[in-house]
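Note sheet for the following structure.
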Amino acid sequence: AALVGVMFMVVIATFEWASLRILRRMPRTDVLVMLLVTLVTAISHNLALAVLLGVVVSALAFAWENAKRIRARHHVDAAGVKHYELFGPLFFGSVQAFTEKFDVAHDPAEVIIDFQDSRVADMSALDALHKLTERYQRAGKILRLRHLSPDCRRLLGQAGALVEVNILEDPTYQVAGV
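Position in the sequence shown (first residue = 1) + 197 = my numbering.
Here's what the structure looks like:
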C-alpha cells in the first residue's frame, strides 16, 4: 500500500496539469485514443495491449479521414470526351465515394479518368476500377485511365486477369542529348 501511495504521489507531482487545457484543441480521435490507452492500461494492467489497441484505433481513424479526401472534377472537351480528374488516394476506405462520383447513364461514349493527382493504393481500389469499367462496358461506353503511377501499373499487372481496364498510354519524355 505504501508503494502505491508513493507511485500516486509521483504521478501527481510529475503530471503536467496545464496540459489538460489543450485537450479541447486536440483532434477528437487523438483524445479518444489517449483515453482508451489510459483506461485499458488501468483496467488490464497490460500496457502492450493498450498501445496495440491505440495503434489499431488510430489506423482506423486515419483510414476514415483519408476516405473523405477523394474528390473529382469533371469537364467535357471539344471532342465530346468526358474527363474526370481525381484528387486524393483511392483505397478500400474511399471506394464507395469514388464509385458515386460517376454518372454512367449520362456520360458520353468515351470517358477518361485522370489519376495525375490520385493514387491507386490496394486491391479494393483495383476491384472498384474493374467494376466501374464493367458498368461502362455494359452501357456501351469506353472508360480509359490516364496518368497512372508506376506502382499503380505494377498493381494492375499483378492483378492480371482479375482486373480489366483500358489504360491510355502516357507519353514518356526524355531529356534530349547534346
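Glycine included, each C-beta is placed from N, C-alpha and C at the ideal position.
Counted within 10 angstroms of its Cβ, other Cβ atoms place residue i as buried (16 or more) or exposed
i, result
"Val-227", "According to the sequence displayed, residue 227 carries Asp and not Val. Per the 10 Å Cβ criterion, exposed."
"Leu-287", "buried"
"Leu-342", "buried"
"Asp-311", "buried"
"Leu-200", "exposed"
"Thr-330", "buried"
"Ser-315", "buried"
"Phe-212", "exposed"
"Ala-247", "buried"
"Glu-262", "exposed"
"Phe-299", "buried"
"Ala-322", "buried"
"Ile-309", "buried"
"Val-208", "exposed"
"Leu-345", "buried"
"Leu-353", "buried"
Closest by C-alpha distance to residue i, when choosing among the options
i, options, result
"Pro-224", "Thr-211, Ala-245, Ser-255", "Ser-255"
"Ala-318", "Leu-232, Leu-217, Ser-291", "Ser-291"
"Ala-258", "Val-230, Thr-238, Glu-213, His-272", "Val-230"
"Val-273", "Ala-245, Trp-261, Ala-260, Ala-306", "Ala-306"
"Leu-220", "Val-308, Leu-250, Leu-232", "Leu-232"
"Asp-348", "Met-320, Arg-332, Gly-337", "Met-320"
For residue i, the residue or residues it bridges with in DSSP
i, result
"Ser-216", "According to DSSP, which records beta bridges pairwise, Ser-216 is partnered with nothing at all."
"Ala-258", "Its beta-bridge partners do not exist; DSSP assigns none."
"Lys-279", "Val-273, Val-308"
> So does the segment 256–271 actually touch the segment 280–295, counting three or more Cβ pairs closer than 8 Å?
Replying inline: yes
> If you pair each beta-carbon of the segment 320–332 with each one of the segment 292–299, do three or more pairs fall below 8 Å?
Replying inline: A contact exists between the segment 320–332 and the segment 292–299.
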